[in-house]
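Below is one structure; the comments refer to it alone.
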Amino acid sequence: MSTDVAVVGGGITGVTAALLLAQGGLRVVLLEAHRVGAGATGYSTGNLYQTVSHGLHATRSRWDGEVASQVAQSRRDAIAFVERQAALEQNEQGNLCGFRRCPLYFYAAGAEAEGTVYDEYQAAQQAGMAARLVGTLPEGLTPAAHGPVLVMEGQAQFHPLAYVQALARRAHGAGALIYERSPVVVCDASERSLRTPVAHVQAREIVLATHSPCGRHPVQAGLLPGREYGVAYRLATDSPCPPGIFWAQGAERLSLRGLEDEPGRYWLAVGVNHGTGQRDAVRAMQELEDRAERQLGLRDPAYRWSGQHFHSPDGLPYIGRDAAGTYIATGFGTDGLTYGTLAAQLIAEQLVEGRRSAWSELYRPDRLALRQSLRGMFEGVRNTAKAWLYDYLTHRHGPPLQHVQPHQGAIVEVDGERCAAYRDPQGDVHLVSPVCTHMKCIVRWNALETSWDCPCHGSRFAPDGRVLEGPAMRPLERKVVAIHRQE
């Protein structure tokens, strides 16, 4: 199969790009390993905002006020694009994508974070945002903030899965070919060639709209893969649920929002970040629930989930053509809905119109920002080296195979060979190689999500070795075909 542009990844970045490219008259093939919108996009909170998760004040401190202003302005334009696209999906049944404008409340959950609120206020004002300080949070949100509350007007919320699925339908209508359950197993950038288990795609241009570029890529040396956790609490019909985005700063940092859906009304709480494969996920989820209970007074969440994110070392995403001539979009951190939309716009402008947007220079993948990147780059290299050396030099392994209980996983030795073992609820054992197929780090067991996670570059695998999340493209090697049943 030949095409003008092959897009890898069916989240908000890839689907938006496919739509714009197809509308621009290009032949487009989109390859999605699972289902459109079912990854990070579908599991996100649906918040759209001009600032960034680490705060515009942090961007201003790392770069300068001009860069912080450009970040806010480019993200404002991306939100406006989503608003226009969502409006096209409204019909007699209402607002199908659930888009609405709302304020973002930025406040200190503890006295130690009051200064952060003032810093963000100054950065937001300098960036031209509609920002003001008020005395309290809206009624119904507890506990009270420490000090003033920063209100950023004109932010937004929507239903990301419904939105991306709607864009996919329109992209298909414009001529784009969208293939789900089509993981890329070979990506040859020099030959502009992609292979799935059943097909070969030859393209003039390739867009890697994946969290981290699939396969091995120089940009991965500095990307920091991480996990973040979410819980949703069902509310009584008479419980207050103020509209807006709520960001609690400090040691008890949380992102909060209300949600009204068909099953009922909910409070969503998201937080507790750590490097992929570098912390006990069960304990991290419990920490999130404890924070939510202290701040909201709620217990026993109705839903729990987590998501993957990749941070760049200098705090800005990488968007555009890389040294190999492939277009990449990565390093969004936890700000992917807005940055993903922006990335699709920038890439489509270059491919359809042959021009670089005003924001293209800011986010170009080959930028040289040693001062801004040094700390993040050091952290990324240190984490990778620490995980690789520790696992190989200590020959880390867990309990004997017979001690691995149902629904548990561990690194074990079988006949003198190191294996990643998982015992399923029926007592059957699944043995795979513990060596990540991306760059040979040793995977670690994630008991919360029943997966093998790589602490180096963020690849994740199912208990049977199937790839759940890249950059790895090949599954973990199955070490033993025979099934071992617990006595």
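FYI, the numbering for the sequence shown is 1 to 487, going by full-length UniProt numbering.
Each residue gets a CB set at the ideal place from its N, CA and C atoms; glycine is no exception.
As the structure is a computational prediction, the values presented were derived from the model and not from experiment.
So is residue i buried or exposed if we call it buried at 16+ other beta carbons inside 10 Å?
i       : result
Ala-482 : Below a pLDDT of 50, predicted positions are generally treated as unreliable, and Ala-482, at 46, falls in that range; the measurement from the model is reported next regardless. Answer is exposed; the Cβ neighbour count stays below 16.
His-403 : exposed
Asp-415 : exposed
Ala-111 : exposed
Pro-313 : buried
Leu-133 : exposed
Pro-463 : buried
Ala-410 : buried
In its own chain, which residues sit with a C-beta less than 8 Å from the C-beta of residue i, not counting the 5 before and 5 after it?
i       : result
Val-201 : Met-1, Ser-2, Thr-3, Ala-6, Val-29, Leu-31, Ser-193, Leu-194 and Arg-195
Phe-310 : His-211, Ser-212, Leu-223, Leu-224, Pro-225, Gly-226, Thr-330, Gly-331, Phe-332, Gly-333 and Gly-458
Val-184 : Val-8, Leu-31, Ala-33, Leu-194, Arg-195, Thr-196, Cys-214 and Met-473
Gln-295 : Ala-109, Thr-142, Pro-143, Ala-248, Glu-252, Leu-254, Leu-256 and Ala-269
In its own chain, which residues sit with a C-beta less than 7 Å from the C-beta of residue i, not counting the 5 before and 5 after it?
i           : result
Ala-22      : Val-28, Ala-171, Ala-174, Gly-175 and Ala-176
residue 516 : Coverage of the chain is limited to positions 1 through 487, which leaves residue 516 absent and any answer about it impossible.
Phe-461     : Val-443, Ser-451, Trp-452, Val-467, Leu-468, Pro-475 and Leu-476
His-274     : Gly-226, Arg-227 and Ala-284
Leu-298     : Tyr-233, Trp-267 and Ala-292
Leu-288     : Tyr-229, Val-231, Ala-269, Gly-271 and Val-272
Glu-487     : Bear in mind that a pLDDT of 47 at Glu-487, under 50, signals an unreliable position, so the number given afterwards is only what the model happens to contain. Within the same chain, Glu-487 has no close Cβ partners at all.
Val-435     : Ile-442
Pro-148     : Val-117, Leu-133, Val-134 and Gly-135
Gln-165     : Val-36 and Gly-37
What span of residues does the alpha helix (DSSP H) with residue i cover, start to end?
i       : result
Glu-361 : 360-363
Asp-77  : 65-87
Asp-261 : Segment 254-261 is the beta strand (DSSP E) holding Asp-261; no alpha helix (DSSP H) there.
Pro-160 : 160-173
Met-285 : 281-296
Ile-12  : 12-23
Asp-188 : Premise fails: Asp-188 lies in the beta strand (DSSP E), 186-188, not in any alpha helix (DSSP H).
Please check the pair residue i and residue j, which I expect to be a contact at CB under 8 Å, by giving their CB distance rounded to whole angstroms.
i       : j       : result
Gly-307 : Glu-228 : 6 Å
Ala-189 : Gly-325 : 7 Å
Leu-167 : Val-15  : 5 Å
Gly-98  : Ala-18  : Not a contact, Cβ separation roughly 22 Å.
Phe-158 : Val-270 : That belief does not hold up - the Cβ atoms of Phe-158 and Val-270 are roughly 16 Å apart, past 8 Å.
Pro-301 : Ala-343 : Not a contact, Cβ separation roughly 32 Å.
Pro-406 : Gly-427 : 6 Å
Apart from the five residues just before and just after residue i, which ones in its own chain have a Cβ nearer than 6 Å to its Cβ?
i           : result
Gly-55      : Glu-120
His-484     : With a pLDDT of only 48 at His-484, under the threshold of 50, the placement of this residue in the model should not be trusted; the figure read from the coordinates follows. Hits under 6 Å: Val-429.
Asp-335     : Val-52 and Ser-53
Arg-265     : Leu-235 and Cys-241
Asn-446     : Ala-281 and Asp-453
Gly-65      : Gln-126
Ser-357     : Leu-346 and Glu-349
Arg-364     : Gly-320
Ala-58      : none
Trp-247     : Phe-106 and Ser-255
residue 492 : Because the chain in this structure spans residues 1 to 487, residue 492 falls outside the shown range and cannot be described.
Arg-60      : Ala-68 and Ala-123
Gln-278     : Pro-455
Could you tell me the boundaries of the beta strand (DSSP E) in which residue i lies?
i       : result
Arg-231 : Before going further, note that residue 231 is Val rather than Arg in the sequence given. Val-231 -> beta strand (DSSP E) spans 224-235.
Ala-269 : 264-275
Ser-451 : 451-453
His-430 : 429-432
Leu-194 : 193-195
Cβ of residue i less than 8 Å from any chain C Cβ?
i       : result
Arg-181 : Of the protein chains in the structure, only one exists, and it is not chain C.
Any 3 or more C-beta pairs closer than 8 Å across the segment 38-46 and the segment 109-119:
no
Pairing CB atoms from the segment 231-241 with CB atoms from the segment 127-136, are three or more of them under 8 Å?
no
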